[in-house]
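Novice: Handing you this structure, nothing more for now.
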Amino acid sequence: MVTTRRFWTRIAVVAGLLLAVTAPARADNPVVQHIYTADPAPMVHNGRVYLYTGHDEDGSTWFTMKEWRVFSSADMVNWTDHGSPMSLATFSWASKDAWAGQTVERNGKFYWYVPVVNRATGRMAIGVGVSDSPTGPFRDAIGRPLLENGEIDPSVMIDSSGQAYLYWGNPNLWYVRLNPDMISFSGGINQIPLTTAGYGTRTGDAKRPTLYEEAPWVYQRNGQYYNVFAAKCCSEFIAYSTAPGPTGPWTYRGTVMPTQGSAFTNHAGVVDFKGSSYFFYHNGALPGGGGFTRSVAVEKFNYNSDGTIPQLTMSTAGPPPADTLNPYTRQEGETIAWGSGVETEVSGEGGLNLSHTNNGDYVKLKNVAFGNGATTFTARVASTVAGSSVEVRSGGPTGTLAGRCSVPNTGGWQTWTTVTCPVSGLTGTRDLYLRFSGGSGYLLNLNWWQFTAGTAAAASNQTTGDAMCTPVTTPGGPRAALDGDPAGSKCAAS
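The numbers in the numbering used here rise by one with no breaks, and the one at position 349 of the sequence shown is 349.
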């Protein structure tokens, strides 16, 4: 979670250290390791997948959720943490329970539909956040609930005709036709009949004869409508139904993901991205994980030739990369394929930064395209201790050392400088590891990093291996460095 260093309990860092022991380096599921996330809602926009999630608080023994989070990726393996652009405080009329929602874009604005408890009535209601950016900040679009009937889990879909629909419900299933403004609806609140033909047969529960439990995810593909939902309880599995139209009639099609993992709930989101299909879900796979401390994961899949969805299994490997990561453009420190012992926090230079690093902590970046080779590594860092460093490695967190940048005591955790050091041996496309080393306690914060390209021959002429860096302040200052100009602060090999 984003928090201050003074009050940080470091629970997730302990989890990260455990991960380094218990999880293989190849593991990329769950997709976020530094906080617990739940109820994934992916959205594709301008060449990236934006992943909207809930946030289970550390040590929760109930669905204790106060904010929503956003992550994004251009390659399905390296995910950038964008923090919390919306919380319970966004809705002045809400009292608790920042539970599962979904975001959609229309006419250049982004609408986030979420269930929260209405303070005035004590019942679950659906609120709408709106933003000009997929990463927020979001504001309350109407200053009151869009609708309220005590039920949860809104899912929004705009079909090929341009009509937007909002679905939600537990124990029932409802929909409304949203108006073009996306913050009002016409035609009243409609209930979808939960028939066994449409949603399967549940045994042993006379009050709920069908498998439908909650968490509808409705979308249109190739002229067919899908409703992927959490089935039965408890533990839940993921099932789905299809229909020729957005309101039915629905036909039950079977299981997508059987009951598995250590969370007794599940919640699905499905998108197509860069020519492939992806299925998001949550489980309790991280240390300390369970039914109230969940984590989002993703699998790649192919529809069957008749449009049906194959049965899927949770994995630790996750999907293969959908693209490469360019190391020669600025990359945020909070972009991570796999992290051990790290956190993120709000940066004084805008956005977030990587934080709470201890000796041996690391982040993995997957499928990094170095081409003919890199010659230097530049990082924007802050620290209150001397003698720490960022190690650039490949092959694993303790693999081949390509270079090392020393980090000085900058005088504050948000007092930033830029360091640069030579690197070698980084050619082709490979996984990259940034490992943090030094003494005891917190070492450094990392805001962003970037490599400089060069020929393999040029790289071989650089000082390599354990080369250290001494920062040299030059004109331009932090703002210039933040804008990608290394003149803000440079570093020479010592």
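The C-beta atom is built at its ideal place from N, Cα and C for all residues, glycine as well.
For the structure I just gave you, are there three or more beta carbon pairs, one from the region 423 to 443 and one from the region 304 to 318, closer than 8 Å?
Specialist: no
Novice: Since I believe G101 is in contact with P154 (beta carbons under 8 Å), could you give me their beta-carbon distance rounded to a whole number of angstroms?
Specialist: Within the sequence shown, residue 154 is the residue found at index 154, counting from 1. Within the sequence shown, residue 101 is the residue found at index 101, counting from 1. Yes, they are in contact, since the Cβ atoms of P154 and G101 sit about 6 Å apart, within 8 Å.
Novice: Should A317 be labelled buried (16 or more other beta-carbon atoms within 10 Å of its own) or exposed?
Specialist: Your numbering for residue 317 matches position 317 in the sequence shown. It counts as exposed.
Novice: Using CA atoms only, rank isn't needed, just tell me which of W250, V49, A206 and W79 is closest to S194.
Specialist: Locating residue 194 in the sequence shown gives position 194, counting from the first residue. Checking the sequence shown, residue 194 turns out to be Leu, not Ser. Nearest of W250, V49, A206 and W79 to L194, Cα basis: W250.
Novice: Within 10 Å of its beta-carbon, does S460 have 16 or more other beta-carbons around it, so buried, or fewer, so exposed?
Specialist: Sequence index remark: in the sequence shown, residue 460 carries index 460 (1-based). Note that S460 scores a pLDDT of 40, beneath 50, so its modelled location is shaky and nothing firm can be said.
Novice: In chain order, what residues of the same chain have a beta carbon less than 6 Å from the beta carbon of S73, not counting five sequence neighbours either side?
Specialist: Here residue 73 is taken as the residue at index 73 of the sequence shown, counted from 1. Around S73: V49 and W79.
Novice: With DSSP as the reference, please indicate the residues paired to A285 in a beta bridge.
Specialist: Position 285 of the sequence shown holds residue 285. Per DSSP, none; premise fails for A285.
Novice: So what's T357 in DSSP terms, helix, strand or just coil?
Specialist: Residue numbering aside, residue 357 sits at position 357 when the sequence shown is read from its first letter. Three-state result, T357: coil.
Novice: Who are the near neighbours of L147 in its chain, counting only those whose CB is closer than 6 Å to its CB and skipping five residues on each side?
Specialist: What you label residue 147 is simply residue 147 of the sequence shown in a count that begins at 1. Excluding positions up to five away in sequence, the list reads I126.
Novice: So is Q224 buried or exposed if we call it buried at 16+ other beta carbons inside 10 Å?
Specialist: Numbered from its first residue, the sequence shown carries residue 224 at position 224. Q224 comes out exposed.
Novice: Would you identify the three-state DSSP class for Y278, choosing helix, strand or coil?
Specialist: The count along the sequence shown starts at 1 and reaches residue 278 at position 278. Strand.
Novice: Using the Cα positions of L444 and V114, report the straight-line distance between them to the nearest angstrom.
Specialist: Within the sequence shown, numbered from 1, the residue matching residue 444 stands at position 444. Within the sequence shown, numbered from 1, the residue matching residue 114 stands at position 114. Going from the Cα of L444 to the Cα of V114 covers about 36 Å.
Novice: Alpha carbon to alpha carbon, what distance is there between P209 and G122?
Specialist: If you number the sequence shown from 1, residue 122 lands on position 122. If you number the sequence shown from 1, residue 209 lands on position 209. Going by the C-alpha atoms only, they are around 28 Å apart.
Novice: Go to A268, then tell me how far its alpha helix (DSSP H) extends in each direction, as first and last residue.
Specialist: To locate residue 268, count along the sequence shown from 1; it is residue 268. Where A268 is concerned, there is no enclosing alpha helix (DSSP H), given that its DSSP letter is neither H nor E.
Novice: Closest by CA to P180, which one among G348, G108 and R435?
Specialist: Start at 1 with the first residue of the sequence shown, and residue 180 comes out as number 180. Of G348, G108 and R435, the residue nearest in Cα terms is G108.
Novice: Can you tell me whether W62 is buried or exposed, with buried defined as 16 or more other CB within 10 angstroms of its CB?
Specialist: Taking the sequence shown and counting its residues from 1, the one referred to as residue 62 is at position 62. By the 10 Å Cβ count, W62 comes out exposed.
Novice: In this structure, does DSSP put Y219 in helix, strand or coil?
Specialist: The count along the sequence shown starts at 1 and reaches residue 219 at position 219. Strand.
Novice: Is G339 helix, strand or coil by DSSP?
Specialist: One-based indexing of the sequence shown puts residue 339 at position 339. Collapsing the DSSP output to three states places G339 in a strand.
Novice: If we call anything under 8 Å between Cβ atoms a contact, is N172 one with E214?
Specialist: Residue numbering aside, residue 172 sits at position 172 when the sequence shown is read from its first letter. Residue numbering aside, residue 214 sits at position 214 when the sequence shown is read from its first letter. No. Outside cutoff.
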